[in-house]
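Remarks on the structure that follows.
Number of protein chains: 2
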Amino acid sequence: MLRMTRQRSAVQELLDRTDDFRSAQQLHEDLRASGSSIGLATVYRTLQSLAEADAVDVLRGDDGEALYRRCARESHHHHLVCKHCGRTVEVEGAPVERWADKVAEENGFVDVDHTAELFGTCGRCAGHQRTG
Amino acid sequence: MLRMTRQRSAVQELLDRTDDFRSAQQLHEDLRASGSSIGLATVYRTLQSLAEADAVDVLRGDDGEALYRRCARESHHHHLVCKHCGRTVEVEGAPVERWADKVAEENGFVDVDHTAELFGTCGRCAGHQRTG
DNA sequence: TTATCTGCAAACATTTTGCAGCGAG
DNA sequence: CTCGCTGCAAAATGTTTGCAGATAA
Numbered sequence: 014m015l016r017m018t019r020q021r022s023a024v025q026e027l028l029d030r031t032d033d034f035r036s037a038q039q040l041h042e043d044l045r046a047s048g049s050s051i052g053l054a055t056v057y058r059t060l061q062s063l064a065e066a067d068a069v070d071v072l073r074g075d076d077g078e079a080l081y082r083r084c085a086r087e088s089h090h091h092h093l094v095c096k097h098c099g100r101t102v103e104v105e106g107a108p109v110e111r112w113a114d115k116v117a118e119e120n121g122f123v124d125v126d127h128t129a130e131l132f133g134t135c136g137r138c139a140g141h142q143r144t145g
Numbered sequence: 014m015l016r017m018t019r020q021r022s023a024v025q026e027l028l029d030r031t032d033d034f035r036s037a038q039q040l041h042e043d044l045r046a047s048g049s050s051i052g053l054a055t056v057y058r059t060l061q062s063l064a065e066a067d068a069v070d071v072l073r074g075d076d077g078e079a080l081y082r083r084c085a086r087e088s089h090h091h092h093l094v095c096k097h098c099g100r101t102v103e104v105e106g107a108p109v110e111r112w113a114d115k116v117a118e119e120n121g122f123v124d125v126d127h128t129a130e131l132f133g134t135c136g137r138c139a140g141h142q143r144t145g
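Taken in sequence, the protein lines are chains R and X.
Going by the numbering used here, the first residue of the first sequence is number 14, and it counts up by one from there.
Going by the numbering used here, the first residue of the second sequence is number 14, and it counts up by one from there.
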């Protein structure tokens, strides 16, 4: 059903060696830059199918742009993302899950999903800046 | 510096009597439908300035579309949104704030912001559906 | 072989912007 | 009166889609 093409493996391999969240367009540029000939539409289509298969995590940037990342853990988790360098740490969120459940119950909601992501400045980037 | 025009107050008044998160285009349609003549660009510009002034909350839908809502509380809070009818409850998130601080510290991040929103089915909508 | 994938370009949807005229202060 | 605001239409993004040809299985 899913064919393994040159393009598809190029995208997957790039994601495997990329640590931060990147847009479809950035990934397309990265691939072109590293010699892979691939169309932008193919990148979009590939990312879409990877996202559907839960093989990549999708985040929405401030401007609504979709950002993709291949995460190490398969189970539910959240992200701590550096606003400056994009470095991303996968984190557990047990307190968030408990909070979500409690709030849902208190308000008579069922089947409640949640999003929770953290954005800040990593130690490395903080070190490079003026101390303010 | 900010002029109070007919269009601007129309948008604000509409937001005041709207309970759920709505897109710029929906708000524009609502205004047109209720007889207000206003351009779509003006709605976008007004929402943008309201958002900058923290007078409205902005959320990103699944497709990246920006959704706006005038919230009762001025202080930091989160939302529990019904996926079916859009009904929205403003909720406190003390456990989330604590979690964010802790995770940030453990990973050497500073200046950490967070997003945390809940999406589910409200009691009213759950009642209307088959029990499964 | 053949159904799926690819690349391109055109279509789309949302949001932004340039500019001439309007109108709040 | 003046400068910011408005409306329109055009442009800029980001993403999706139609189709003819390429290709994995």
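In this text, a Cβ means the ideal position worked out from N, Cα and C, and glycines have one as well.
Check                                                                                                           : Outcome
Best match in 40/R, 136/R, 119/R for proximity to residue 100/R [C-alpha to C-alpha]                            : 136/R
Contact set between residue 134/R and chain X, taken where Cβ atoms lie within less than 9 Å                    : 122, 123, 124, 125
Beta bridge counterpart(s) of residue 36/R as assigned by DSSP                                                  : 80/R
Closer than 9 Å at the beta carbon, the chain X residues around residue 77/R                                    : 73, 74, 76, 77, 78, 79
Chain-ordered neighbours of residue 102/R on chain X, where CB pairs are closer than 7 Å                        : 120
Rounded Cβ spacing between residue 127/X and residue 102/X (contact assumed at less than 8 Å)                   : Their Cβ separation, rounded to whole angstroms, is 19 Å, which puts residue 127/X and residue 102/X out of contact at 8 Å.
Residue 70/R in three-state terms, based on DSSP                                                                : strand
CB contact check: residue 144/X to chain R, cutoff 7 Å                                                          : With a pLDDT of 45 at residue 144/X, under the threshold of 50, the predicted position of this residue should be treated as unreliable, and no value is reported.
Span separating the alpha-carbon of residue 73/R from that of residue 83/R                                      : 15 Å
Buried versus exposed call for residue 15/R [16 or more other C-beta atoms within 10 Å across all chains shown] : exposed
Contacts of residue 131/R in chain X (Cβ-Cβ under 8 Å)                                                          : 113, 116, 117, 122, 125, 126, 127
Residue-level contact to chain R via CB, residue 93/X, 7 Å cutoff                                               : yes
Chain R contacts made by the segment 47-60 of chain X, where a contact means CB separation under 7 Å            : none
Three-state secondary structure (DSSP) of residue 133/X                                                         : strand
Sequence-distant residues of its chain with Cβ nearer than 7 Å to residue 49/R (five each side left out)        : 23
Proximity of residue 170/X and residue 53/X at Cβ, strictly below 7 Å                                           : Since the first residue shown for chain X is 14 and the last is 145, residue 170/X is missing from the structure and cannot be characterised.
First and last residue of the uninterrupted beta strand (DSSP E) at residue 93/X                                : 91-95
Beta-bridge pairing of residue 126/R - partner residues as DSSP gives them                                      : 132/X
Rounded straight-line distance, which links the Cα of residue 25/X to that of residue 40/X                      : 10 Å
Chain R contact for residue 17/X (CB, 7 Å cutoff)                                                               : no
Bridge-paired residues (DSSP) for residue 101/R                                                                 : 94/R
Interface flag, residue 140/R vs chain X, CB-CB below 7 Å                                                       : no
Selection from 29/X, 139/X, 121/X that minimises the alpha carbon distance to residue 138/R                     : 121/X
Same chain, Cβ closer than 8 Å to residue 114/R, five either side skipped, listed in chain order                : 125
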